[in-house]
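Asker: Protein chains in written order, with our numbering: chain W, 302 to 622; chain G, 41 to 365. Note that CB positions come from ideal geometry on N, CA and C, so glycine has one too. Only a predicted model underlies this, so the values are computations on that prediction, with no experimental measurement involved. Have a look at this one.
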Amino acid sequence: MSIPGTVQVALYRQILLIRRTEEQLVRSYQRGLIHGACHTYIGQEAVAIGVCAHLRPDDLVFSTHRGHGHALAKGVPPGALIAELFGRATGCSGGRGGSMHLFAPEVGLMGTSGIVAASILQATGAAYAFSLLKQERVSVAFFGDGAANNGAFHEGINMASIWQLPVVFVCENNLYATEVPFASVSRNPDVAARTQAYGLPGQVVDGNDVLAVYEAAAEAVKRARSGAGPTLLECKTYRTRPHSEGMRDTGYRSPEEIEAWKARCPIKRLASRLLGEGTASESELARIEAEVQAVVEEALAFAESSPWPDPATLTDHVYSV
Amino acid sequence: MRELTFVAAAREGLAEEMARDPSIFVMGEGVGARGGNFNTTTGLYELYGPQRLRDTPICERGFTGLCTGAAMAGARPVVDFMFIDFELDALGELFHQTSRIQYMSQGRIKMPILLRGCIGIFGSAGPHHSGNYYPLFMHVPGFRVAVPTTPADAKGLIKTALRCNDPVLFLEHKGLLNVRGPVPDGEHLVPFGQAAVVRDGRDVTVVAIALQVKHTLEAATRLQQEGISVEVIDPRTLAPLDTATIAASVHKTGRLLIVDEDFAPCGVGAEIATQIVDQVFDDLDAPIRRLNGAFVPTPYSPPLEAAAVPGVEKIAAAIRDLVAE
C-alpha cells in the first residue's frame with residue numbers, strides 16, 4: 302500500500318497533537334489542575350491515529366480508560382478534552398466524567414470507560430445496530446491487553462464473529478495490564494492468535510509505526526464496511542508514562558526497558574521517515590510543530606478560562622426526561 | 041372486554057411495538073424460533089426473522105453489553121433474560137454503563153433498552169431461579185422498574201417501556217404468567233409512576249408487590265367477612281414509585297402494611313415505610329408493618345418453599361394484627 306505524502310504529513314500533524322496535548326495534561330496534573338485520574342497515551346499515539354484515519358464522522362469509537370488519544374483522533378477538540386479533565390462545564394462530558402469518561406457522540410466518540418473491556422461489547426452492539434438498520438457504518442473497539450483476558454473479550458468477539466458484524470477490534474498490547482506483565486498472565490504472547498478460536502481474521506501490527514497501523518486498519522475497516530465481518534488488530538506498543546499520573550512507576554519494569562521503547566517513539570520514527578524519503582522538510586515539520594503548539598496553548602487557555610459546572614445541574618440527565 | 045393471559049398480553053404489546061418501530065430487536069436464549077422459554081416471543085420469529093429475534097450464546101454479560109451499545113447507536117433492544125436471576129452476570133454492564141451513559145454523555149446519548157425477565161418464588165424453581173432483585177435497581181440512579189400484576193398492565197407497561205428512552209426493567213412474576221384478565225382493545229398504554237388502588241377499603245392500607253397483590257386481594261375478601269375493610273395498592277412501577285397514592289390512602293386508613301416476597305433488609309418495604317413516615321407521620325395510627333419473604337436462599341422442596349413466602353394466610357394474619365394495634 303502506497304500512502305500519499307500528503308496523508309503521511311497529515312498523520313504526523315495528528316499524532317503530534319496527541320503527544321503535545323498529553324504533555325500539557327501532565328504539566329497541568331503536576332500543577333494540580335486535574336482533580337482525579339489522568340491516564341496518558343504517550344507512546345501509543347500511532348494506534349489511534351492509524352485507525353481513526355479511516356473512519357467517517359458517523360462511524361463510532363468505543364474506548365478505554367486510556368482514551369485521550371482516541372478522543373482527539375476521532376475529532377474531539379483539545380479544548381473540550383482538557384476542560385473535561387479540569388472539571389469544567391465546557392468539557393466534552395460537561396465535567397461529569399473526567400479522564401476516563403469522555404463522551405462526544407457528535408463526532409462519534411461513544412465513550413471512554415473506567416471499566417476494562419466494556420468497549421468490546423458496546424462496539425459489537427453498535428455494529429449490530431448498523432447491521433439491523435442497514436447503515437454502512439463501522440464501529441471500533443479499542444482495548445488493552447488487560448481486556449483480552451476478560452470474559453467480555455470472549456463473549457463480544459464470539460458474537461461479532463458469528464453474526465459477521467461491521468466492527469474492528471483494536472487491541473493495544475502495551476505489555477502491562479496496569480502493572481501486571483502480559484507475559485505473566487498469558488502463555489501465548491499474541492492476542493491476535495486467539496482469533497483463530499472464534500473464526501475471524503487477526504493480525505499483529507507494529508503499534509509504534511503509524512503507517513503500519515494505517516495500512517492494517519485500512520483493510521480491516523474496508524472489510525467491516527463491505528459486510529465481510531470483524532477483524533482484530535493487535536498493535537504492539539508501550540506506554541512510557543506511569544499507568545496514571547502521580548502513580549509510583551517502579552517495581553514492575555526496568556528503566557532500560559522504558560528507554561528502549563522511547564527510542565521507538567512513533568513520532569520520531571515518522572519524522573525521520575518523512576525527512577528521509579523527502580516527503581517533508583525540516584522547516585515544514587517545524588512549522589507543524591509550532592502550529593500544534595499554538596493549538597494546545599489555545600486549548601489550555603480555553604479550559605482554564607472555562608466556567609465550573611453549575612451545581613444546580615447536578616441531577617440533569619440521570620433520566621431522559 | 042376480551043380476556044388474555046398475562047404473558048399473551050405482554051407479547052401483544054411487544055408485537056404491536058415491533059410492528060410500529062423497526063429498530064426494536066429482541067435478544068436472549070431461545071427467543072427465536074422457539075418463542076422463548078416462557079412464550080414471551082411466540083410467533084414473532086415467523087414475522088420478523090432472526091435479526092430481530094436473536095438467539096444468543098449463554099453470555100448474559102456479553103449480550104447485555106452488546107444491547108447497551110446497540111441502544112447507543114440508535115436501535116431499541118429488548119434483552120430477554122428468561123429468568124431474571126441470569127441478569128446478575130450482567131450487573132457490571134448494567135450499573136456502570138447502561139444506567140450511566142445518559143448522565144455521563146450529558147443526555148446526548150439515549151439508552152432505550154428494555155430488560156425483561158421472570159421473577160419470583162414459584163413452582164420449586166429453587167435457589168438459582170427464584171430471585172426478585174428489584175431493590176438493586178431501585179437503588180441505582182438511571183433505571184425504571186415495572187412490575188405489572190395484571191394482563192392489562194403487562195401490555196400497557198411494556199408498550200410504555202418500549203417508547204421510553206431510559207433503561208427499563210420489566211419484571212414478570214412466574215406465578216402470574218398464566219393468569220387471565222381483561223385487556224382493552226387497541227392502543228393501551230399505562231404510564232410509569234402511577235400506582236393502582238386495586239381495592240377500596242377504610243381500615244388498613246396494604247401495598248403489595250407482584251404475585252402478592254393477588255394473594256392480598258384474596259386475603260382482603262376473607263377479611264371483609266370479618267368486618268375488616270382493606271385497601272390494596274399495586275405500585276405497578278417501583279421506579280418511579282408513586283408514594284402520593286400510598287400517602288393518600290394512609291391518610292384515610294391510618295395503617296400501612298407492605299407485602300413483598302422479596303427479602304426485607306433494604307427492600308421495597310423499607311423504602312416505602314420511610315417515605316410514608318416522612319410524608320404523613322401524623323396520619324399514622326399504628327406502626328408501619330412489613331411482611332416479607334424469609335431471609336434465605338429460596339429452597340426447592342414445596343413445604344420449605346411455601347414457608348419462605350407470604351401468602352393468603354400470612355397476609356390475613358398480618359392485617360388482623362395491624363388492625364388490632
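Counting only C-beta atoms, is E456 (chain W) closer than 8 Å to chain G at any point?
Answerer: So, interface residue.
Asker: Name, please, each residue of chain G whose Cβ falls closer than 7 Å to the Cβ of N489 (chain W).
Answerer: Going along chain G, no residue has its Cβ under 7 Å from N489 (chain W), so there is no contact; the nearest lies around 22 Å.
Asker: So for I159 (chain G), helix, strand or coil by DSSP?
Answerer: Strand.
Asker: In chain order, which alpha helix (DSSP H) runs of at least 4 residues are fully inside the region 310 to 364 of chain W?
Answerer: With a minimum length of 4 residues, the continuous alpha helix (DSSP H) runs that stay inside the region 310 to 364 of chain W are 346 to 353.
Asker: Using beta-carbon positions only, say whether T277 (chain G) and V219 (chain G) come within less than 8 Å of one another.
Answerer: In this structure, V219 (chain G) does not lie closer than 8 Å to T277 (chain G) by Cβ.
Asker: Would you say S621 (chain W) faces chain G, with C-beta separation under 8 Å as the test?
Answerer: Judged by the 8 Å Cβ criterion, S621 (chain W) is in contact with chain G.
Asker: Output the distance between the C-alpha atoms of A266 (chain W) and D507 (chain W), rounded to the nearest integer angstrom.
Answerer: Because chain W spans 302 through 622 in this model, residue 266 (chain W) falls outside it and cannot be assessed.
Asker: Between F103 (chain G) and chain W, is any beta-carbon pair separated by less than 8 Å?
Answerer: It does: the Cβ of F103 (chain G) has a partner Cβ on chain W nearer than 8 Å.
Asker: Which residues, in order along the region 376 to 388 of chain W, keep a beta-carbon less than 7 Å from a beta-carbon of chain G?
Answerer: Cβ contacts with chain G: none found.
Asker: Does Q594 (chain W) get closer than 8 Å to chain G when you measure Cβ to Cβ?
Answerer: So no, Q594 (chain W) is outside the interface.
Asker: Report the residue from G:D225, G:P231, G:G307, G:L134 whose alpha carbon sits nearest the alpha carbon of C204 (chain G).
Answerer: Looking at the Cα atoms, G:P231 is the closest of the given residues.
Asker: Beta strand (DSSP E) containing Q504 (chain W): first to last residue?
Answerer: Per DSSP, Q504 (chain W) belongs to the beta strand (DSSP E) from 503 to 507.
Asker: Indicate whether at least one CB of chain W lies closer than 8 Å to the CB of G89 (chain G).
Answerer: No, G89 (chain G) lies away from the interface with chain W (no Cβ there is under 8 Å from its Cβ).
Asker: Using a Cβ cut-off of 7 Å, which residues of the region 106 to 125 of chain G contact any Cβ in chain W, in chain order?
Answerer: Answer set for the region 106 to 125 of chain G: L106, C107, T108, G109, A110, M112, A113, G114, A115.
Asker: Between W609 (chain W) and the rest of its own chain, which residues show a CB-CB distance below 8 Å, the 5 nearest in sequence each way excluded?
Answerer: Within the same chain, W609 (chain W) has close Cβ partners G388, R389, A390, G396.
Asker: As a quick exercise: from W:G457, W:V511, W:V481, W:A478, pick the residue whose alpha carbon is nearest that of G500 (chain W).
Answerer: Of W:G457, W:V511, W:V481, W:A478, the residue nearest in Cα terms is W:G457.
Asker: According to DSSP, is R540 (chain W) part of a helix, a strand, or is it coil?
Answerer: R540 (chain W) falls in the coil class under three-state DSSP.
Asker: Residues in the same chain with beta-carbon distance under 7 Å from A521 (chain W), minus the five sequence neighbours each way, listed in chain order, please.
Answerer: Contacts found: V469, T532, L534.
Asker: Going by DSSP, what residue range makes up the alpha helix (DSSP H) through A48 (chain G)?
Answerer: First-last of the alpha helix (DSSP H) with A48 (chain G): 46 to 60.
Asker: Who pairs with R330 (chain G) in a beta bridge, going by DSSP?
Answerer: DSSP lists G:I298 as partners of R330 (chain G).
Asker: Compute the Euclidean distance between the alpha carbons of I416 (chain W) and L362 (chain G), then round it to the nearest angstrom.
Answerer: I416 (chain W) and L362 (chain G): Cα-Cα distance of roughly 48 Å.
Asker: Only counting the same chain, and skipping five residues up and downstream in sequence, which positions put a Cβ closer than 7 Å to that of S545 (chain W)?
Answerer: Excluding residues within five positions, the ones whose Cβ falls inside 7 Å are A338, C339, H340.
Asker: Given the structure, does T261 (chain G) come close to the ligand ADP, in the sense that its CB is under 7 Å from one of the ligand's heavy atoms?
Answerer: With respect to small molecules bound, the structure shown includes none, and the ligand ADP cannot be examined in it.
Asker: So which residues on chain G does I559 (chain W) lean against when the C-beta distance must stay under 7 Å?
Answerer: None at all; the shortest Cβ gap to chain G is about 32 Å.
Asker: For the structure I just gave you, are there three or more beta carbon pairs, one from the region 88 to 105 of chain G and one from the region 186 to 197 of chain G, closer than 8 Å?
Answerer: Output reads no: the region 186 to 197 of chain G does not touch the region 88 to 105 of chain G.
Asker: Any C-beta of chain W within less than 8 Å: which residues of the region 133 to 149 of chain G qualify?
Answerer: So the close ones are E133, H136, Q137, I141, Q142, Y143, M144, S145, Q146, G147, R148, I149.
Asker: Measure from the C-beta of T391 (chain W) to each C-beta in chain G and report whether the shortest distance is under 8 Å.
Answerer: For T391 (chain W), the answer is no, since every Cβ of chain G falls outside 8 Å of its Cβ.
Asker: Please name the residue, chosen from G:E258, G:L134, G:G114, that lies closest to K354 (chain G) on a Cα-to-Cα basis.
Answerer: Of the candidates G:E258, G:L134, G:G114, the one whose C-alpha sits nearest the C-alpha of K354 (chain G) is G:E258.
Asker: Counting C-beta neighbours from all protein chains within 10 Å, is the total for P188 (chain G) 16 or more, i.e. buried, or is it exposed?
Answerer: Buried, by the Cβ-count rule.
Asker: Any residues in the region 445 to 479 of chain W with a beta carbon nearer than 7 Å to a beta carbon of chain G? Which ones, in chain order?
Answerer: Those would be G452, A453, E456, G457, N459, M460, in chain order.
Asker: Apart from the five residues just before and just after R140 (chain G), which ones in its own chain have a Cβ nearer than 7 Å to its Cβ?
Answerer: Excluding residues within five positions, the ones whose Cβ falls inside 7 Å are G182.
Asker: Whose C-beta lies closer than 8 Å to the C-beta of G132 (chain G) among residues of the same chain, with five residues either side of it excluded?
Answerer: R101, listed in sequence order.
Asker: Which stretch, first to last residue, makes up the beta strand (DSSP E) that contains D120 (chain G)?
Answerer: It spans 116 to 123 - the beta strand (DSSP E) in which D120 (chain G) sits, taken as one unbroken run.
Asker: Between the alpha carbons of S170 (chain G) and E437 (chain W), how many angstroms are there, rounded?
Answerer: One C-alpha to the other measures close to 43 Å.
Asker: If the cut-off is 7 Å on Cβ atoms, which residues from the region 530 to 547 of chain W count as contacting chain G, listed in chain order?
Answerer: Of all residues in the region 530 to 547 of chain W, none has a Cβ within less than 7 Å of some Cβ in chain G.
Asker: Could you tell me whether the region 356 to 364 of chain W touches the region 427 to 444 of chain W, using the rule of 3 or more Cβ pairs below 8 Å?
Answerer: Yes: the two stretches touch, three or more of their Cβ pairs being nearer than 8 Å.
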